[in-house]
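**Q** First to last, the sequence lines map onto chains A and B. So for the first sequence, our numbering puts the first residue at 3; every next one is plus one. So for the second sequence, our numbering puts the first residue at 3; every next one is plus one. Where is the CB? At the ideal position from N, CA and C, for every residue including glycine.
Protein chains: 2
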Amino acid sequence: MVNASIITIGDELLIGQTIDTNSAWMAQELNKAGIWVKHRVAVGDVWDDIWDALDEESQRADIIFITGGLGPTADDITKPLLCKYFNGKLVLDEKVLTHIKSLFEKVFRRPGPLLERNIKQAEVPDTCTVLHNERGTAPGMWFEKDKKVFISLPGVPHEMKGLMLQEVLPRLKTHFTLPFILHRTAFTAGMGESMIAEMIKDFESLLPPSIKLAYLPNYGMVRLRLTTSGFDKEKLESSLQAEFEKLKFLVRDILVADEDKGLEEMLGILLQAKGKTMATAESCTGGYIAHLITSIPGSSAYFKGSIVSYANEVKQNLLGVSTETLQSAGAVSEETVKQMLNGVIHALHVDYAVATSGIMGPDGGTPEKPVGTVWVAAGSKEKLVTKQFHFRFNRERNIEMTAQNAMNLLRKFILDVPEQL
Amino acid sequence: MVNASIITIGDELLIGQTIDTNSAWMAQELNKAGIWVKHRVAVGDVWDDIWDALDEESQRADIIFITGGLGPTADDITKPLLCKYFNGKLVLDEKVLTHIKSLFEKVFRRPGPLLERNIKQAEVPDTCTVLHNERGTAPGMWFEKDKKVFISLPGVPHEMKGLMLQEVLPRLKTHFTLPFILHRTAFTAGMGESMIAEMIKDFESLLPPSIKLAYLPNYGMVRLRLTTSGFDKEKLESSLQAEFEKLKFLVRDILVADEDKGLEEMLGILLQAKGKTMATAESCTGGYIAHLITSIPGSSAYFKGSIVSYANEVKQNLLGVSTETLQSAGAVSEETVKQMLNGVIHALHVDYAVATSGIMGPDGGTPEKPVGTVWVAAGSKEKLVTKQFHFRFNRERNIEMTAQNAMNLLRKFILDVPEQL
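Structure, rendered in structure tokens:
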């Protein structure tokens, strides 16, 4: 098995000012290519810490990725360090310089002479292979030392991604003989991790040692992932698939999907297959469901829009919720989400919709309706279902939980699945 | 300086199925408490890798955090390992067991006898101090060995957060003598990292060695962060503030805020101070701006709602965009966003609004309007401004860039700042 380590450089990661999304993306892509990420490390902009990380990670992995620390400003020490670590000297790369000039002229629309610090970005250690960064000014660098490969990439996510896909992965595939790593994921909802484990414990204990099972709980749903790896792809696929079929049968009552897709993507597939449209009427989720659905490319084929009715007057004026309902039952009530649902279906002329109203916190709770009380409705012109939820804790999590459960309620409504599942 | 390392356990992090948001949050809180996170490591569910990480990180830090690997299912090996590492044996903790029972009865609403695997969650090494996990079944654990502190926490974010705030941080503050770590952040927009660095290079070279400057570019904005640390809080504050005032003066033309707040939060502060309300009319951002704004607690005081008009008929029916405009100029045009803006201001009776329309990709581009073409309008009943943007690359980034720039356009409109800034 070819192992990789990812070293992420930057104080902003260590003081928590930035969330590291790069490593997860890189790990996914490497995994698809048959490379196992064994270790991930984040270090600050400190010479000795970076140096030690290079030493340590090269003991444990075949490929060492270094991201970050390549920007044009003075807090970056990575390039001089790499130069010294790989016994090189900095030289100006003419091809990189030409590329930087053209980026400034054509993309950043800032013609004229380059700043000294931007010219410096074209300097690379003469001991590396330069990797062309189509999307930015800092080139990638590929070093080899003691049979290990070291790859330095900029930390800007879209630049790193472009470099990985266009330059790094193709080279790794020719440099190493890579195995296949295969996953199958079953997406379940409605049962906790412990209960599922109890239900499938015989299956788990009889799994061949080459196949690993993992439980991945998230927002009230649990994904069950089977993983295997090796060189005989056909054999791997068939043995993995056989176990996966058993697993799917065992969890059939709580199975949402046999693919690792989000609910927003599953809803889209469902609606497109049926040629139907949808909309949302959102109070407490404040547009988040609409955002999740429109984050899927091509969603304009089935998503018409949303009325985010944060204020009660918007619920009345645009969704036709009655004053009487708001006064007697309140904004967070079954009757209100029913009227919101009907309102948005008629206003946007859609086949299906989902409506939410709740108290997300930290303030606004009452003894009868504490923070985390949520009503959701899903349905069509003819029919609808409603459901009440009681979430706890923080606002961010309550919004996420409401959105996920609302999408699942609509999914089940469209599929006509009984509510207890 | 008291140093910490964070070890995150779980294959899901190494194959990229989960993004590690825990470490960033922990680092922020530790930093506020005067603890410097020196190193972060992610390892898989592998005995030797976890053991080695404990050995290595205890060489480099005073406090070693271990998150994850404490769930009720069989892929977790962390607790037995901690037991062996700290020479303890597993014993049933009656207080933890009582808490687990009460959670199942009152919160998960699953009364009756506990599963064996849930009872097991009440087992802890007898060499640790148990940390009460109000929010979940897996307790935190505090170990001490060779003057180092080891803290094991569950990986579920809201459980980890509760434990950190209620149990861990108060104990660390009594256990160690902690210095102050202070930051000041200037939020700028409208100029690239290199140009800013050029503008403030004299300032940077004259900074006292105790104060560090970092550039944090993100979505077309750059935050400039000054950091210092020590024990004399007053002296630190005054010297940091003096440098910060110089910095703010130097970047005054591009300064958005002198606090490290997101634009959604700044907009909220501005609107509340003026007692004004706002709404959004979103096409290409699909509700994302509304989501960002409603992610701020208390936003219902100034945010009334949104009309997400993904389909053209919604632009016409609910926002009053004319058929003629859609046919002649198209949905992605200055005229359309102007009409969307006026439409939402009148439909939702608000003082201010922002409207977006663009092509987010990957499909839908044309030679005249390639992917990344965006029109934004911001204004009030009386007046409005519009701006065209040309973003590049992927859908997710284009949505984020549009939202950030739209909020900034509205912020500047409300403040009546000239557009070139």
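Just confirm the distance between the C-beta atoms of Leu-242 of chain A and Ile-213 of chain A, as a whole number of angstroms; I'd bet it's less than 8 Å.
**A** For the purposes of this step, residue 242 of chain A is identified with residue 240 of the first sequence, where counting begins at 1. For the purposes of this step, residue 213 of chain A is identified with residue 211 of the first sequence, where counting begins at 1. With a Cβ gap of about 6 Å, Leu-242 of chain A and Ile-213 of chain A count as contacting.
**Q** In three-state terms, what does DSSP make of Gln-422 of chain A?
**A** On the first sequence, residue 422 of chain A is found 420 positions in, with the first residue counted as 1. Note that Gln-422 of chain A scores a pLDDT of 46, beneath 50, so its modelled location is shaky and nothing firm can be said.
**Q** Could you tell me which of B:Asp-234, B:Leu-252, B:Arg-225 sits nearest to Asp-262 of chain B, measuring between CA atoms?
**A** What you label residue 262 of chain B is simply residue 260 of the second sequence in a count that begins at 1. Out of B:Asp-234, B:Leu-252, B:Arg-225, B:Arg-225 has the C-alpha closest to the C-alpha of Asp-262 of chain B.
**Q** So, does the CB of Thr-20 of chain B fall closer than 9 Å to a CB anywhere in chain A?
**A** Counting from 1 along the second sequence, the entry for residue 20 of chain B is found at position 18. Judged by the 9 Å Cβ criterion, Thr-20 of chain B is in contact with chain A.
**Q** If you count every other CB in all the chains shown that lies within 10 Å of the CB of Lys-237 of chain B, and 16 or more means buried, which is it?
**A** Reading the second sequence from its first residue, position 235 is the one you call residue 237 of chain B. Exposed, since its Cβ has fewer than 16 Cβ neighbours within 10 Å.
**Q** Classify Thr-190 of chain B: buried if its beta carbon has 16 or more other beta carbons within 10 angstroms, exposed otherwise.
**A** Walking along the second sequence from the start, residue 190 of chain B turns up at place 188. Thr-190 of chain B should be labelled buried.
**Q** Would the beta-carbon of Val-43 of chain A fall within 9 Å of that of Lys-40 of chain B?
**A** In the first sequence, residue 43 of chain A corresponds to position 41, counting from 1. In the second sequence, residue 40 of chain B corresponds to position 38, counting from 1. Not in contact: Val-43 of chain A and Lys-40 of chain B (Cβ atoms no closer than 9 Å).
**Q** Tell me, please, whether the CB atom of Thr-404 of chain A is closer than 9 Å to any CB atom in chain B?
**A** Taking the first residue of the first sequence as position 1, residue 404 of chain A is located at position 402. No, Thr-404 of chain A does not count as interfacial toward chain B.
**Q** Considering only DSSP beta bridges, list what Pro-127 of chain B is partnered with.
**A** Locating residue 127 of chain B in the second sequence gives position 125, where the first residue counts as 1. DSSP lists B:Leu-92 as partners of Pro-127 of chain B.
**Q** Check the C-beta distance from Ile-309 of chain B over to Glu-266 of chain B and give it rounded, since I have them as a contact under 8 Å.
**A** Translated into positions along the second sequence, residue 309 of chain B becomes position 307. Translated into positions along the second sequence, residue 266 of chain B becomes position 264. Incorrect: roughly 19 Å between the Cβ atoms, too far for contact.
**Q** If you run the structure through DSSP and keep just helix, strand and coil, what is Thr-80 of chain B?
**A** As a first step, residue 80 of chain B must be located in the second sequence, where it is residue number 78. Three-state result, Thr-80 of chain B: helix.
**Q** For Cys-433 of chain A, which residues from the same chain have a beta carbon less than 6 Å from its beta carbon, with the 5 sequence-adjacent residues on both sides left out?
**A** As displayed, chain A neither begins before 3 nor continues past 423, which places residue 433 of chain A out of reach and without an answer.
**Q** Within 10 Å of its beta-carbon, does Asn-410 of chain A have 16 or more other beta-carbons around it, so buried, or fewer, so exposed?
**A** For the purposes of this step, residue 410 of chain A is identified with residue 408 of the first sequence, where counting begins at 1. Its Cβ being crowded by 16 or more others within 10 Å, Asn-410 of chain A is buried.
**Q** So, does the CB of Ile-347 of chain A fall closer than 9 Å to a CB anywhere in chain B?
**A** Your numbering for residue 347 of chain A matches position 345 in the first sequence. Not one chain B Cβ lies under 9 Å of Ile-347 of chain A.
**Q** Quick check: Val-339 of chain A and Lys-371 of chain A, are their CB atoms within less than 9 Å of each other?
**A** Mapped onto the first sequence, residue 339 of chain A falls at position 337. Mapped onto the first sequence, residue 371 of chain A falls at position 369. Cβ atoms of Val-339 of chain A and Lys-371 of chain A: not closer than 9 Å.
**Q** Short check: CB of Ile-66 of chain A to CB of Ile-153 of chain A, under 9 Å?
**A** Along the first sequence, one-based indexing puts residue 66 of chain A at 64. Along the first sequence, one-based indexing puts residue 153 of chain A at 151. Yes, Cβ-Cβ distance for Ile-66 of chain A and Ile-153 of chain A is below 9 Å.
**Q** Take Gln-422 of chain A and list the residues in its own chain whose beta-carbon comes closer than 6 Å to its own, dropping the five residues that flank it on each side.
**A** Position 420 of the first sequence, counted from the start, is the residue given in the question as residue 422 of chain A. With a pLDDT of 46 at Gln-422 of chain A, under the threshold of 50, the predicted position of this residue should be treated as unreliable, though the coordinate-derived value follows. Cβ within range, chain order: n/a, list empty.
**Q** Which chain A residues sit within Cβ distance under 9 Å of Thr-100 of chain B?
**A** As a working note, residue 100 of chain B is residue 98 in the second sequence. Going along chain A, no residue has its Cβ under 9 Å from Thr-100 of chain B, so there is no contact; the nearest lies around 18 Å.
**Q** Excluding the 5 residues preceding and the 5 following Gln-274 of chain B in the sequence, name in chain order all residues of the same chain whose CB lies nearer than 7 Å to its CB.
**A** Stepping through the second sequence from its first residue, residue 274 of chain B is reached at position 272. Ala-303, Tyr-304, listed in sequence order.
**Q** Name the one or two DSSP bridge partners that Ser-359 of chain B has.
**A** Looking up residue 359 of chain B in the second sequence gives position 357. Paired residues: B:Trp-377.
**Q** Taking Val-425 of chain B as part of the beta strand (DSSP E), name the residues at either end of that continuous run.
**A** Here chain B comprises residues numbered 3 to 423, so residue 425 of chain B is not present and cannot be evaluated.
**Q** Could one say the Cβ of Ala-216 of chain B lies closer than 9 Å to chain A's Cβ atoms, at least one of them?
**A** Working through the second sequence from its first residue, we reach residue 216 of chain B at position 214. True, the Cβ-Cβ gap to chain A drops below 9 Å.
**Q** Counting contacts by CB-CB distance shorter than 9 Å, is Arg-173 of chain B in contact with chain A?
**A** Your numbering for residue 173 of chain B matches position 171 in the second sequence. Closer than 9 Å: no.
**Q** Which residues of chain A have a Cβ atom closer than 8 Å to the Cβ of Gly-300 of chain B, listed in chain order?
**A** On the second sequence, residue 300 of chain B is found 298 positions in, with the first residue counted as 1. Result: Asp-365.
**Q** Chain B beta carbons: is any one of them nearer than 9 Å to that of Ser-359 of chain A?
**A** Within the first sequence, the letter at position 357 stands for residue 359 of chain A. Answer no: the Cβ-Cβ gap between Ser-359 of chain A and chain B never drops below 9 Å.
**Q** Do you know how far the Cα of Gly-36 of chain B is from the Cα of Asp-64 of chain B?
**A** Indexing the second sequence from 1 puts residue 64 of chain B at position 62. Indexing the second sequence from 1 puts residue 36 of chain B at position 34. Cα to Cα, the separation comes out at about 13 Å.
**Q** Starting from Pro-113 of chain B, find everything on chain A with Cβ-Cβ shorter than 8 Å and list it in chain order.
**A** In the second sequence, the residue the question calls residue 113 of chain B occupies position 111. Residues of chain A passing the Cβ test: none, with the nearest at roughly 14 Å.
**Q** Between the region 10-17 of chain A and the region 24-34 of chain B, do three or more beta carbon pairs fall short of 8 Å?
**A** Cβ pair count under 8 Å is three or more, so yes.
**Q** Thinking C-alpha only, which one of A:Ser-301, A:Met-403, A:His-392, A:Trp-38 is nearest Thr-429 of chain A?
**A** Given a span of 3 to 423 for chain A in the structure shown, any question on residue 429 of chain A remains unanswerable.
**Q** How about Ile-202 of chain B: is its Cβ closer than 8 Å to a heavy atom in the ligand MN?
**A** Ligands displayed in this structure: none; no statement on the ligand MN is therefore possible.
**Q** Compute the distance between the beta-carbons of Leu-350 of chain B and Ala-313 of chain A, then report whether it is under 9 Å.
**A** Translated into positions along the second sequence, residue 350 of chain B becomes position 348. Translated into positions along the first sequence, residue 313 of chain A becomes position 311. The answer is yes: Cβ separation under 9 Å.
**Q** Which of the residues in the region 182-207 of chain A, read from start to end, lie with their CB under 9 Å from any CB of chain B?
**A** The residues in question are Ile-183, His-185, Thr-187, Gly-194, Glu-195, Ser-196, Met-197, Ile-198, Ala-199, Glu-200, Lys-203, Glu-206, Ser-207.
**Q** Measure the alpha-carbon distance for Ser-104 of chain B versus Ser-7 of chain A and round it to whole angstroms.
**A** On the second sequence, residue 104 of chain B is found 102 positions in, with the first residue counted as 1. On the first sequence, residue 7 of chain A is found 5 positions in, with the first residue counted as 1. Straight-line Cα distance between these residues: approximately 42 Å.
**Q** Cβ of Thr-129 of chain A within 9 Å of Cβ of Phe-88 of chain A?
**A** Position 127 of the first sequence holds residue 129 of chain A. Position 86 of the first sequence holds residue 88 of chain A. In this structure, Phe-88 of chain A lies closer than 9 Å to Thr-129 of chain A by Cβ.
**Q** Taking only the alpha-carbon atoms, compute the straight-line gap between Ala-26 of chain A and Val-158 of chain B and give it to the nearest angstrom.
**A** On the first sequence, residue 26 of chain A is found 24 positions in, with the first residue counted as 1. On the second sequence, residue 158 of chain B is found 156 positions in, with the first residue counted as 1. Near 17 Å, if we compare the C-alpha coordinates of Val-158 of chain B and Ala-26 of chain A.
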